[in-house]
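Note that the sequence shown covers residues 1314 to 1687 in the working numbering. Virtual Cβ for every residue (Gly too), placed ideally from N, Cα, C.
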Amino acid sequence: MKRFECQILVTRPYLPPLDEFKNGLEEVWSNQWLTNNGPMLQRFQKELSRYLGVPETNIALFNNGTLALELGYYVMGLAGGEVITTPFTFVATSHALMRIGARPVFADIDPETMCLDPAKAEKLITPRTKAIVPVHVYGNVCDVEGFERLGEKYGVKIIYDAAHAFGVFSRVERVDRVEKKSIGFCGDMSMFSFHPTKLFHSCEGGLLVFKDAAVREKLYELRNFAIRSETECVDVGTNAKMNELQALMGICCLRKMPELLEYRQKIYEAYEEVFADCEDVKLVPHSQNKAYVPVLFKSFAIRERVYAELKTCNVFSRRYFYPLLTDFAPYAYGNGSCPIAEDLASRVLTLPTYYGLPLDDVKAIAENVKEMVK
Ligand code: T4K
């Protein structure tokens, strides 16, 4: 069993060369503009629009993903209603609902993709349902067609938590060409998180992508206290503005996206190679961006043992997403309602993956895991 000299964490943020960041800092210094829709933010927004294949009129930047979600839910009119969502996610997906006074209703997940199952969600739709919030968990794409059908049939909003899905694209077939479109351009709205634990980041940050360009003005106001002019404040907004240093980090990281994606793919393949002949460790496939490397074990006891033993080798994996949201106090009313999610949460472990993690280390981690499950 290999014990690593230095700690290997589940993830590490990509950091651009310091000189590249410093060049950008000089510009910020000469602008003397640090936040409030500054020039760096506007440049970042333009570059994101190009990268995602989504018009600038249909995106808005925020200082983190959670506030982006909260304001997104709010402009979509979810306050006071019920929203069907998954318990197999990070707490922010539901916290943002609760914070605007919407009630999450938990439906079970698809055992393959680990994303919300539209058939299970449909059974819970009532006249009180205002929206469905599926999560592209680990970068695995949800059944977007299934959810689109539900949106049309019941007149409910479909809002994706796409926190893990930056760099995931769908193919759009045109008569003369195939276009790439960000997965964020599905449903009524999607949120990407730019937290440093994500494959792409801006120190902290969040992005909303929305179908209806009319909500843009509202979102811009809400992220700036809902101040419309020097003499008008039109709603109860908040401070959710991305600052210029975050935008600069985002611009630097965006340049690196192709390599960041390519490297994660290589890491995934290295794990895949070692686990190929091991029936006791099942890599969860389906993710286009390989943002995470989730593996499933045969039982809770084995997962717990591997998680603990990896630590003794100086490897710090994470049990994303265990416990389930419905195991936490604010959502305990949903406990027991999602048996597939409960089972998978008890057996899943996410293994280290990040740009620069040596592939030999990846193979050694995988060999250790194989040894542990024997
Ligand atoms: N929806 C979903 C589905 C999400 O997964 C998230 C966030 C959100 C919404 C909300 O988006 P944001 O508001 O965050 O933009 C982390 C992140 O804090 C959280 O952003 C993320 N999901 C979640 C899945 O993971 P923790 O509690 O696991 O983070 P922490 O501090 O333990 O860091 C994880 C590992 O990364 C550690 O081993 C240390 C390493 N690390 C971390 C940071 C921050 C670094 O090496 N450098 C760093 O700067 O929650």
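Relative to the C-alpha of residue i, which candidate in the options has its C-alpha closest?
i     : options                       : result
P1509 : L1338, G1414, L1328 and S1650 : L1328
R1363 : G1647, V1594 and L1567        : L1567
V1528 : G1647, F1479 and N1371        : N1371
A1409 : P1326, Y1644, F1498 and C1651 : Y1644
E1575 : C1651, F1419 and L1512        : L1512
R1356 : V1481, G1393 and G1337        : G1337
K1466 : V1682, M1502 and A1432        : A1432
R1412 : P1607, H1599, P1671 and T1551 : T1551
R1632 : I1653, G1649, V1608 and V1675 : V1608
Going by other Cβ atoms of all chains shown within 10 Å of its Cβ, with 16 needed for buried, is residue i buried or exposed?
i     : result
L1331 : exposed
M1427 : buried
F1613 : exposed
P1447 : buried
N1556 : buried
L1384 : buried
Quick check: residue i and residue j, are their CB atoms within less than 8 Å of each other?
i     : j     : result
V1686 : V1619 : yes
K1554 : N1537 : yes
V1396 : K1531 : no
Q1559 : E1517 : yes
T1398 : P1417 : yes
I1472 : G1500 : yes
A1381 : L1521 : yes
F1479 : N1602 : yes
Y1451 : Y1605 : yes
L1429 : C1455 : yes
F1507 : G1519 : yes
K1359 : A1677 : no
L1374 : L1391 : no
V1594 : F1610 : yes
C1651 : A1420 : yes
Is residue i close to the ligand ZN? I mean its beta-carbon at under 7 Å from any heavy atom of the ligand.
i     : result
N1552 : The model depicted lacks the ligand ZN and carries the ligand T4K instead.
The beta strand (DSSP E) spanning residue i covers which residue range?
i     : result
R1416 : R1416 to F1419
V1442 : It is worth fixing the name first, because residue 1442 is Thr in this sequence and not Val. T1442 to V1446 is the extent of the beta strand (DSSP E) around T1442.
T1663 : V1661 to L1664
I1472 : K1470 to D1474
S1506 : M1502 to S1506
Where does the unbroken alpha helix (DSSP H) through residue i begin, and where does it stop?
i     : result
M1411 : A1405 to R1412
F1479 : Segment: none, F1479 is in no alpha helix (DSSP H) and carries neither H nor E.
I1615 : F1613 to T1625
K1466 : V1457 to Y1467
I1564 : E1557 to R1568
Are any of the Cβ atoms in chain C nearer than 8 Å to that of residue i?
i     : result
T1426 : Reference to chain C is not applicable here, since this structure consists of a single protein chain.
Which runs of the alpha helix (DSSP H) fall wholly inside the stretch 1321 to 1377 and span at least 4 residues, in chain order? 1331 to 1344 and 1352 to 1365
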